[in-house]
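If you're matching positions, the sequence shown starts at 125 in our numbering and goes up one per residue. The beta-carbon is built from N, C-alpha and C at its ideal position, and this holds for glycine as well. Here's the structure we're looking at; comments come further down.
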Amino acid sequence: MKVAIVHYWLVGMRGGERVLEELVKLYPQADLFTHVADREKLSNLLRDRTIRETFVSRLPGARRHYQKYLGFMPRALEELDLSGYDLIISSESGPAKGVIPPPGTPHICYTHSPMRYIWDQYGAYRDRLSWFGQLYFSHLAHRLRTWDVCSAARVDQFVANSSFVAQRIHSYYRRDAQVVHPPVDLDAYHLPKQPTERTHYLFVSELVPYKKADLVIEAFRGLDRKLLVVGDGEQRPDLERNLPPNVQLLGRVPGRDLPDLYQSAKALIFPAEEDFGIVPVEAMACGTPVLAYGRGGVRDSVIDGRTGLFFEEQTTQAVRDAINQFETAEFDETDISKYASSFGADRFRREFSGVVDQVLSGLRYQK
125 MKVAIVHYWL VGMRGGERVL EELVKLYPQA DLFTHVADRE KLSNLLRDRT IRETFVSRLP
185 GARRHYQKYL GFMPRALEEL DLSGYDLIIS SESGPAKGVI PPPGTPHICY THSPMRYIWD
245 QYGAYRDRLS WFGQLYFSHL AHRLRTWDVC SAARVDQFVA NSSFVAQRIH SYYRRDAQVV
305 HPPVDLDAYH LPKQPTERTH YLFVSELVPY KKADLVIEAF RGLDRKLLVV GDGEQRPDLE
365 RNLPPNVQLL GRVPGRDLPD LYQSAKALIF PAEEDFGIVP VEAMACGTPV LAYGRGGVRD
425 SVIDGRTGLF FEEQTTQAVR DAINQFETAE FDETDISKYA SSFGADRFRR EFSGVVDQVL
485 SGLRYQK
């Protein structure tokens with residue numbers, strides 16, 4: 125088949141791009157389309173592909189300020205010529221699914237998340253802007269919601285990365301979605317080869333408000349426990365100003381060093397409401413329990429009482445209570461790691477291929 129894969133933007137290697145790598149492995153001859161690509165920040169697998177960018181990439185400063193051109197992206201997608209393709213796969217978190225497929229060409233959308241900044245987290249994003257930015261963004265978001273719902277009709281089958289995202293797809297688009305969880309790299313994340321002393325708690329995330337790093341740090345203030353914080357972002361200067369002595373900010377950590385931090389951690393603290401959350405699965409693959417806020421995609425990955433513990437409020441006290449409960453409980457790191465191995469790349473490719481086969485078989489039956 126001649127396959128087109130449409131991804132929102134390619135400016136780094138995060139969870140969406142790791143899924144894209146697996147799609148490329150499934151369809152190695154596929155053509156990639158995106159709004160903006162920064163090849164220096166991509167993996168070798170993606171960097172070596174033929175990548176076709178929309179006209180957004182030719183706008184001034186687009187590789188650094190692509191998000192400011194959000195309003196141009198719907199039209200840019202609709203101007204892509206996808207005639208001659210037998211299958212279209214869109215990878216949606218920013219605008220990607222709004223392409224116009226040729227008649228009879230199936231379009232499958234793997235949804236990491238409906239655009240949170242125009243839907244469930246609209247208020248949080250808007251409130252971070254200046255008064256003029258709020259005025260502009262409120263107008264833009266209104267237009268984007270209308271387009272986002274209309275363009276959902278161009279998708280034959282939605283695939284969600286979690287049950288939580290599937291619920292949101294139904295809420296916003298009134299469409300059903302099959303769930304295929306994203307893959308974790310089991311070659312990189314696994315139990316330590318030698319018994320390792322677990323010395324610290326761990327937080328891994330961007331330092332932005334909804335990730336709740338400030339909440340976790342406050343929970344450790346005054347505790348006789350060590351917390352390592354991995355990540356960087358807009359909140360870091362504020363966090364550094366009043367950092368407890370038992371908390372260390374490590375900043376961005378090279379991917380090759382992250383498994384060691386997981387393997388030597390007592391537990392991962394995960395207080396955000398995420399679409400899925402690949403970080404908890406990476407930690408569990410290393411045998412590390414997860415103390416998580418019990419809402420969102422994490423309910424698809426963490427088993428309360430077996431691979432971690434849930435706390436029910438995003439508060440400092442709830443995190444402290446979870447830590448105290450954890451330290452009186454027993455967890456089997458081998459069992460945790462074995463469970464996490466079910467989220468490997470082979471499983472992802474098998475399940476996603478199954479969805480594609482179902483869609484293609486259905487179209488053949490209709491003909």
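A straight line joining the alpha-carbon of Y193 with that of V180 spans about 7 Å. When the five nearest sequence neighbours on each side are left out, the beta carbons in the same chain lying within less than 6 Å of the beta carbon of K390 are those of R322 and Y325, in order along the chain. If the five residues before and after K350 are omitted, its C-beta is found closer than 6 Å to the C-beta atoms of H324 and N370, all from its own chain and listed in chain order. Taken atom to atom, the span from the alpha-carbon of G468 to that of F394 is near 21 Å.
Secondary structure at R292: helix, using DSSP grouped into helix, strand and coil. Taking C-beta separations shorter than 8 Å and ignoring five residues to either side along the sequence, the partners of A265 in its chain run Y241, I242, Y246 and R250, following chain order.
The DSSP assignment places complete beta strand (DSSP E) segments of no fewer than 3 residues inside the stretch 375-453 at 389-394, 414-417 and 432-435, in order along the chain. With a minimum length of 3 residues, the unbroken runs of beta strand (DSSP E) contained wholly in the stretch 277-328 fall at 281-284, 301-303 and 324-328. In the DSSP annotation of this structure, the continuous segment of the alpha helix (DSSP H) that includes F256 starts and ends at W255 to S275. Separation of Q191 and L183 (C-alpha to C-alpha, rounded to the nearest whole angstrom) is 12 Å. Nearest in C-alpha terms to R176, of all of V304, L310, M239 and A161, is A161. In the DSSP secondary-structure assignment, I213 is bridged to I129 and I232. A residue is called buried when at least 16 other Cβ atoms come within 10 angstroms of its Cβ; Q482 does not meet this threshold and is exposed. DSSP places G468 in the strand class (E or B) of the three-state scheme. Just so you know, the alpha carbons of M197 and I213 end up roughly 17 Å apart. Between the alpha carbons of D384 and G411 lies a distance of about 12 Å.
Sequence-distant Cβ neighbours of V377 in its own chain, meaning closer than 6 Å and more than five residues away, are V354. Closest in alpha carbon position to P307, among G136, S465, Y132 and K126, is S465. Taking a cut-off of 8 Å for Cβ pairs, the stretch 218-237 and the stretch 275-286 touch, as three or more such pairs fall below it. In the DSSP annotation of this structure, F179 is not part of any beta strand (DSSP E), being labelled neither H nor E.
N448 counts as exposed, since fewer than 16 other C-beta atoms from the protein chains shown sit within 10 angstroms of its C-beta. Contact annotation: G418 and E436 have beta-carbon atoms nearer than 7 Å. The closest CA to that of D356, considering only D338, K462 and E342, is found on D338. In the three-state DSSP reduction, Q191 falls in the helix class (H, G or I). Contact between R360 and L382 does not hold, since the beta-carbon distance rounds to 18 Å and is not under 8 Å.
In this structure, the CA atom of R292 is about 15 Å from the CA atom of R423. Around the beta-carbon of S207, fewer than 16 other beta-carbon atoms lie within 10 Å, marking it exposed. Taking a contact as a CB-CB distance under 8 Å, the pair L144 and H131 counts as one, their CB atoms being some 5 Å apart. Apart from the 5 residues on each side of it in sequence, T178 sits with its Cβ closer than 6 Å to the Cβ of H159 and A200 in its chain, given in chain order. As computed with DSSP, F157 is found in a beta bridge with V130 and R176. For the pair A284 and V443, the CB atoms are not nearer than the 7 Å cut-off. Cβ contact annotation for Y386 (same chain, cutoff 6 Å, sequence separation greater than five): A407, C410 and T412, in chain order. Excluding its 5 nearest sequence neighbours in each direction, P404 has C-beta neighbours in its own chain below 8 Å: L392, F394, V414, A416, V422, S425, V426 and G432, listed in chain order. For L206, there is no enclosing beta strand (DSSP E), as DSSP marks it with neither H nor E.
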